[in-house]
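Participant: So for the sequence shown, this note's numbering puts the first residue at 4; every next one is plus one. Here's a structure for you.
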Amino acid sequence: MRFKSIIPIATICLLAGAGCSLAADSGVSSKRADRSTDLCTPYSDNRVHRQSNMWLNITNKSVFGNQPATDPAGMDDPCLPGVWAPQLEYPAGSDVQYLYQGALWIGALIVNDDGSETPRVSYGYEGWYNSGGEMFPGCEDDAAMREESFIEGARDCFGNNIYNPLSVSEQDFWAVYTDTLTDQSFVPNDDFDGVHVPLGLRVTQVSHSWTYNYAQDFIIIDYEIENIGDKYLMNLYVAIYNDSDVGETDEQNHHTDDICGFRIAAVDSVTGDSVEINTAYIMDDDGRPVVENSGNDFTCPDVTGMRVLRGPNPKLET
């Protein structure tokens, strides 16, 4: 089966539920657009969702989360200069993080002109061999992230009018990036698979958050993936890499007592029916700091999860 050249995909971060992957044994046809790559510096940007009870740092390089607050590479919140951007803080203001960093991964077989196939993967961040990533925004000012809201009169932290009646949520963050950059000053050789070979993809990413009681404990991220290269892509797989660490921001080694898993189904509390949720989750093993194994100091008692909310085709395998 074949897809059109644009594939809309959505993932969801939710309170009780969280990496995931959306796999499609399919192809993506090319739009044969210009694949030329800017030789200037990509306009790296980030924003922090603080509208709901879940605070999340998100970037225009597909990465969400952040380096630790003690790491010089950690990003600040652009709206609060000098203030570290939370990785995934829940509840809001608690100083408890449920994430290190996550990012988009996309793999496919590149169909060459002679009919041969080259397997390649483009990633935003993978945490092991080359944390620099392979997805970047453009270089001009319009490559910065954009904020919108359906609230009349809404303004961002810089004073810009961001009201858009077509916005999905109270706080929408837009970002666009591609995997086409090959300049090795930005995309060095990967220790695992060598020189970066682009799939030729452009991703439009939109994340949403709300203040409503029923919606303040999750954030939705939509991805629209477009083949702008000159090659046909076959057997496309889309995944979310998710390195989740649970604990207080300044707690040393708080990741060492985490447990994770995958729930296929849950019981609907209203109807009593079993509902398929396919949710990967992370939590602390006992809700206490690493150095404590008894007492009532439950600093991180919650569970966060991630799941695929919808795909472009009901026949896709998740």
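The beta-carbon is built from N, C-alpha and C at its ideal position, and this holds for glycine as well.
Relative to the alpha-carbon of Tyr126, which residue among Val293, Ser272 and Val241 has its alpha-carbon at the smallest distance?
Facilitator: Here the closest residue by C-alpha is Val241.
Participant: Could you pull out every unbroken beta strand (DSSP E) segment of at least 3 residues lying fully inside the region 102-161, listed in chain order?
Facilitator: The region 102-161 contains these whole beta strand (DSSP E) runs: 104-114, 120-126 and 149-151.
Participant: Got a sec? Which residues, its chain only, sit under 7 Å from Asp182 by beta carbon, not counting five neighbours each side?
Facilitator: So the qualifying residues of the chain are Ser125, Glu137, Met138, Pro201, Leu202 and Leu204.
Participant: Go ahead and label Thr307 buried or exposed: buried means 16 or more other beta carbons lie within 10 angstroms of its beta carbon, across all protein chains shown.
Facilitator: Thr307 is buried by the Cβ-count criterion.
Participant: Give the DSSP-derived three-state secondary structure of Thr185 in the structure shown.
Facilitator: Coil, per DSSP.
Participant: So, with DSSP's three-state summary, where would you put His199?
Facilitator: Coil at His199, not helix or strand.
Participant: Relative to the C-alpha of Arg53, which candidate in Asn245, Gln219 and Tyr244 has its C-alpha closest?
Facilitator: Of the listed residues, the one whose Cα sits closest to Arg53 is Gln219.
Participant: Is it the case that the region 275-288 contacts the region 245-261, given that we only count it when at least three CB pairs across the two stretches are under 8 Å?
Facilitator: With a cut-off of 8 Å, the region 275-288 and the region 245-261 count as touching, because enough Cβ pairs lie within range.
Participant: Which whole runs of the beta strand (DSSP E) in the region 210-275 are 3 residues long or more, in chain order?
Facilitator: As far as the region 210-275 is concerned, its whole beta strand (DSSP E) runs of at least 3 residues are 221-230, 235-246 and 261-270.
Participant: May I have the straight-line CA-CA distance separating Ile280 from Phe265, to the nearest angstrom?
Facilitator: Roughly 10 Å separates the two Cα atoms.
Participant: Using 10 angstroms around the beta-carbon of Phe301, count the other beta-carbons present and answer buried if the total reaches 16, otherwise exposed.
Facilitator: Label assigned to Phe301: exposed.
Participant: Buried or exposed: Val311, going by 16 or more other Cβ atoms within 10 Å of its Cβ?
Facilitator: Val311 is buried by the Cβ-count criterion.
Participant: For Gly250, does the count of other Cβ atoms within 10 angstroms reach 16, so buried, or fall short, so exposed?
Facilitator: When all chains shown are included, Gly250 counts as buried.
Participant: Considering only their Cβ atoms, is the gap separating Pro89 from Trp58 smaller than 7 Å?
Facilitator: Going by C-beta atoms, Trp58 is nearer than 7 Å to Pro89.
Participant: Output yes or no for whether 7 Å exceeds the beta carbon distance between Tyr3 and Ala106.
Facilitator: Coverage of the chain is limited to positions 4 through 321, which leaves residue 3 absent and any answer about it impossible.
Participant: For Ala76, which residues of its own chain have a beta-carbon under 8 Å away from its beta-carbon, when the five flanking residues on both sides are left out?
Facilitator: Closer than 8 Å at Cβ, skipping near neighbours: Gln70.
Participant: Could you give the distance in angstroms between the alpha-carbon of Asp248 and the alpha-carbon of Lys64?
Facilitator: Those two C-alpha atoms are separated by around 21 Å.
Participant: Short of 6 Å in beta carbon distance, which residues of its chain neighbour Cys160, apart from the five on each side in sequence? Order them along the chain.
Facilitator: Excluding residues within five positions, the ones whose Cβ falls inside 6 Å are Cys82.
Participant: Just to check my reading of the structure: Ile243 and Met309 have Cβ atoms closer than 8 Å, yes? What is that Cβ distance to the nearest angstrom?
Facilitator: Yes, Ile243 and Met309 are in contact; Cβ-Cβ is about 6 Å, under 8 Å.
Participant: Grab the span of the beta strand (DSSP E) containing Ile280 for me, first residue to last.
Facilitator: First-last of the beta strand (DSSP E) with Ile280: Ser277 to Asp287.
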